[in-house]
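Novice: Quick one: the structure is below, questions incoming.
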Amino acid sequence: MKLFPYAHATHPQWPMAAGLVLAQLRAQMALLGYASAPTLALLYITDRYVPHAQEILEHLSGELPEITDWAGTVGVGIAANNVEYVDEPALAVMLCELPTNQYRVFSGVAPLGLAFEAHSALVHADPQTPDLPELIAELAERTDSGYLFGGLSSSRGKSVQFAVAGDGNVKGQGAASGVFSGGLSGVAFGPGIRMVSRVTQGCLPVARSHQVTAAEHNVVLALDGEPALDVLLRELDVTLEQPREALLAVRATLAGLTERRGLSGATGDLPAITRTGNFGSDVLVRHIIGLDPARYGIALASPVKEGMELAFCQRNVQAARADLMRICAEIREELEPQELALEFATALAASEAESAPHPARGIAGAIYVSCAGRGGEHFGGPSAEMQIIRRALGDVPLVGFFAGGEIARNHLYGYTGVLTVFT
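In the UniProt record's numbering, the protein residues as written are 1 to 423.
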């Protein structure tokens, strides 16, 4: 597979940013090793460009008539290789050269049909969509692997998604502009598209995990048979007799939940807390939204069931950086053969200044979806999160956005990053 052309730019006027992006894409498409006949485009814009979303899509698709399919969404920030655009007008585009019988763009007017054998899917979703977790789980069940990746649109105003399907819309759905609000859209991929995807967590447990032994709706009443509020206060080393200090500590704390519990005490595919003291990829981090002193309970921003595993946690810069480097290392390890050819070894050993995109790296392109609460300063400075990925994977084609919630497998995550590479 050839390298995917990609480009990004910022400018107060969207036509200028679009012109810069088009110039970069055309220059790359003329280079040896890059895809010259792509058919699928991924488009991400910051929320500053939302009022012009339709114009941007029409302009880019008119300038790139060979592209038959478009997908994407908006974020309060967007990402490309080594750079993050947050709180500024910007757009990023990646052109994918994939067999047309191995992917389908879907949306409300072009739903994913049963005739297409979906193995996995890139999903963009509106956070205001009712029953969103159930819709994500249902879509995952329609794929062979059960694996989705993507995220929720994030915007300080209107949320939009891009979805243009080359094979048209369902009859009776009327004309579609390609710009949508509400629901789910994205790209389903067939079994012939090889990808590697990993989830990175951004929170660190403050103590060991517990089993939920009593719960009602979204309120945890007991952990390991002990009142849940007593457990929380003890692990945070605070007391309700000093309410101000207790409130500050609770506000800085979240709850990591794991839904499935195995016979051996492990949950899902991995334990909730790994041997390194970090969360496993099955853990879903949720906000603590209230305390119930009368029942000694803790209210979470998610339904809770008895038998779940719960660990209180806090956002942690060092843990987030280390876990991001870990998933990049895992991806490289999976892609690199045990015996490297000279060209492959040379490309991987190149210094950062010489680490230009190269087919020998085994990555045609990458998509990174990170939590809007993780980027920038959380990693130590502007664009620090993307710089970590570049140092680990090299200068590979990459685009993405900062989401209001991240999608991986059949779950909706928070405070995570989802890195997916096309190989």
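All residues carry an ideal CB built from backbone N, CA and C; glycine is no exception.
If contacts are defined as beta-carbon pairs under 8 Å, then ALA228 and GLU306 qualify, I think. What distance do you get, rounded to the angstrom?
Specialist: If you number the sequence shown from 1, residue 228 lands on position 228. If you number the sequence shown from 1, residue 306 lands on position 306. A Cβ-Cβ separation of about 12 Å leaves ALA228 out of contact with GLU306 under the 8 Å criterion.
Novice: When you compare only the Cα positions, how much space is there between SER61 and ILE67?
Specialist: Sequence index remark: in the sequence shown, residue 61 carries index 61 (1-based). Sequence index remark: in the sequence shown, residue 67 carries index 67 (1-based). Near 7 Å, if we compare the C-alpha coordinates of ILE67 and SER61.
Novice: Can you check which of these residues, LEU135, LEU257, TYR85, is closest to GLY108 by C-alpha distance?
Specialist: Sequence index remark: in the sequence shown, residue 108 carries index 108 (1-based). For the residues LEU135, LEU257, TYR85, the minimum Cα distance to GLY108 belongs to LEU135.
Novice: Do you know offhand how far GLN24's Cα is from PRO12's?
Specialist: As a working note, residue 24 is residue 24 in the sequence shown. As a working note, residue 12 is residue 12 in the sequence shown. Straight through space, the alpha carbons of PRO12 and GLN24 are spaced by roughly 18 Å.
Novice: Contact check, PHE279 vs ALA188 under 8 Å by CB: the rounded distance?
Specialist: Start at 1 with the first residue of the sequence shown, and residue 279 comes out as number 279. Start at 1 with the first residue of the sequence shown, and residue 188 comes out as number 188. That belief does not hold up - the Cβ atoms of PHE279 and ALA188 are roughly 29 Å apart, past 8 Å.
Novice: For PRO15, name the three-state secondary structure that DSSP assigns.
Specialist: Counting from 1 along the sequence shown, the entry for residue 15 is found at position 15. DSSP places PRO15 in helix when its eight states are reduced to three.
Novice: Within the chosen definition, does the segment 323-336 reach the segment 387-394 through at least 3 CB pairs nearer than 8 Å?
Specialist: yes
Novice: According to DSSP, is GLY75 helix, strand or coil?
Specialist: For this step, residue 75 is matched to residue 75 along the sequence shown. In the structure shown, GLY75 sits in a strand (DSSP, three-state: E or B).
Novice: Within a Cβ cutoff of 8 Å, which residues of the same chain sit near ALA266, ignoring the five residues on either side of it in sequence?
Specialist: Numbered from its first residue, the sequence shown carries residue 266 at position 266. Low per-residue confidence applies at ALA266: pLDDT is 39, beneath 50, and the placement is therefore not dependable enough to give any value.
Novice: Ignore the nearest five residues each way along the sequence and tell me which others in ARG194's own chain have a CB closer than 8 Å to its CB.
Specialist: Along the sequence shown, read from residue 1 onward, the residue named residue 194 stands at position 194. For ARG194, where only same-chain residues beyond five positions count, the Cβ hits under 8 Å are PHE422, THR423.
Novice: Could you tell me whether the segment 390-406 touches the segment 139-148, where touching means 3 or more Cβ pairs closer than 8 Å?
Specialist: no
Novice: Would a C-beta distance cut-off of 8 Å place LEU91 and HIS8 closer than the cut-off?
Specialist: Residue 91 sits at position 91 when you count from the first residue of the sequence shown. Residue 8 sits at position 8 when you count from the first residue of the sequence shown. Yes, they are a contact pair.
Novice: Between TYR296, ALA165, TYR85, VAL86, which lies nearest to PRO111 when the distance is taken from Cα to Cα?
Specialist: Residue mapping note: residue 111 aligns to position 111 of the sequence shown, counting from 1. Selected option, being the one with the closest Cα: ALA165.
Novice: Does the separation of the CB atoms of GLY414 and GLY405 fall below 8 Å?
Specialist: Start at 1 with the first residue of the sequence shown, and residue 414 comes out as number 414. Start at 1 with the first residue of the sequence shown, and residue 405 comes out as number 405. Result yes, Cβ atoms of GLY414 and GLY405 sit closer than 8 Å.
Novice: Since SER153 contacts THR73 with CB under 8 Å, what's their CB separation in whole angstroms?
Specialist: What you label residue 153 is simply residue 153 of the sequence shown in a count that begins at 1. What you label residue 73 is simply residue 73 of the sequence shown in a count that begins at 1. Yes, SER153 and THR73 are in contact; Cβ-Cβ is about 5 Å, under 8 Å.
Novice: Have a look at TYR85 and ILE367 and give me their C-alpha separation to the nearest angstrom.
Specialist: As a position in the sequence shown, residue 85 is number 85, starting the count at 1. As a position in the sequence shown, residue 367 is number 367, starting the count at 1. Rounded to the nearest angstrom, the two C-alpha atoms are 15 Å apart.
Novice: From GLN128 to GLU330, what distance separates their C-alpha atoms?
Specialist: As a position in the sequence shown, residue 128 is number 128, starting the count at 1. As a position in the sequence shown, residue 330 is number 330, starting the count at 1. Distance between the alpha carbons of GLN128 and GLU330: 34 Å.
Novice: Within 10 angstroms of the Cβ of ARG26, are there 16 or more other Cβ atoms? Answer buried if so, exposed if not.
Specialist: Reading the sequence shown from its first residue, position 26 is the one you call residue 26. Flag for ARG26 reads exposed.
Novice: With DSSP run on the structure shown, which of helix, strand or coil describes PRO99?
Specialist: Indexing the sequence shown from 1 puts residue 99 at position 99. Correct three-state label for PRO99: coil.
Novice: Since LEU232 and THR239 are thought to touch, with beta carbons under 8 Å apart, how far apart are those beta carbons, to the nearest angstrom?
Specialist: The count along the sequence shown starts at 1 and reaches residue 232 at position 232. The count along the sequence shown starts at 1 and reaches residue 239 at position 239. The beta-carbon separation of LEU232 and THR239, rounded to 11 Å, does not stay under the 8 Å limit for a contact.
Novice: Under the DSSP definition of a beta bridge, which residues are partnered with TYR368?
Specialist: The count along the sequence shown starts at 1 and reaches residue 368 at position 368. DSSP output for TYR368 lists GLY400, LEU419 as bridge partner(s).
Novice: Beta-carbon separation of ALA392 and CYS371 under 8 Å?
Specialist: Locating residue 392 in the sequence shown gives position 392, where the first residue counts as 1. Locating residue 371 in the sequence shown gives position 371, where the first residue counts as 1. Against a cut-off of 8 Å, the Cβ pair of CYS371 and ALA392 comes out as no contact.
Novice: Quick check on DSSP: helix, strand or coil for GLY172?
Specialist: Here residue 172 corresponds to residue number 172 of the sequence shown, with the count starting at 1. Because GLY172 carries a pLDDT of 44, less than 50, the predicted location of this residue cannot be relied on, and no value is offered for it.
Novice: What are the start and end residues of each continuous beta strand (DSSP E) run of 3 or more residues lying completely inside the segment 105-181, in chain order?
Specialist: Entirely contained in the segment 105-181, the beta strand (DSSP E) runs reaching 3 residues are, in chain order, 120-125, 147-152, 161-164.
Novice: Can you tell me where the alpha helix (DSSP H) holding ASP292 begins and where it ends?
Specialist: The residue labelled residue 292 in the question sits at position 292 within the sequence shown. Looking at the DSSP string, ASP292 is not in any alpha helix (DSSP H); the run it does join, the beta strand (DSSP E), is 284-292.
Novice: From GLY178 to PRO243, what does the alpha carbon distance come to, in whole angstroms?
Specialist: What you label residue 178 is simply residue 178 of the sequence shown in a count that begins at 1. What you label residue 243 is simply residue 243 of the sequence shown in a count that begins at 1. One C-alpha to the other measures close to 51 Å.
Novice: Examine the Cβ distances between the segment 37-54 and the segment 154-164 and report whether three or more of them are shorter than 8 Å.
Specialist: yes
Novice: Quick one: what does DSSP say TYR49 is sitting in, helix, strand or coil?
Specialist: Working through the sequence shown from its first residue, we reach residue 49 at position 49. If DSSP states are grouped into helix, strand and coil, TYR49 belongs with the helices.
Novice: Whole angstroms is fine: what's the gap from GLY183's alpha carbon to GLY151's?
Specialist: Numbered from its first residue, the sequence shown carries residue 183 at position 183. Numbered from its first residue, the sequence shown carries residue 151 at position 151. Going from the Cα of GLY183 to the Cα of GLY151 covers about 12 Å.
Novice: For the beta strand (DSSP E) that contains ARG409, what are its first and last residues?
Specialist: To locate residue 409, count along the sequence shown from 1; it is residue 409. Here the beta strand (DSSP E) through ARG409 covers 406-409.
Novice: With 16 other CB atoms within 10 Å as the buried threshold, where does PRO205 fall?
Specialist: As a working note, residue 205 is residue 205 in the sequence shown. Counting Cβ neighbours within 10 Å, PRO205 comes out buried, since at least 16 surround it.
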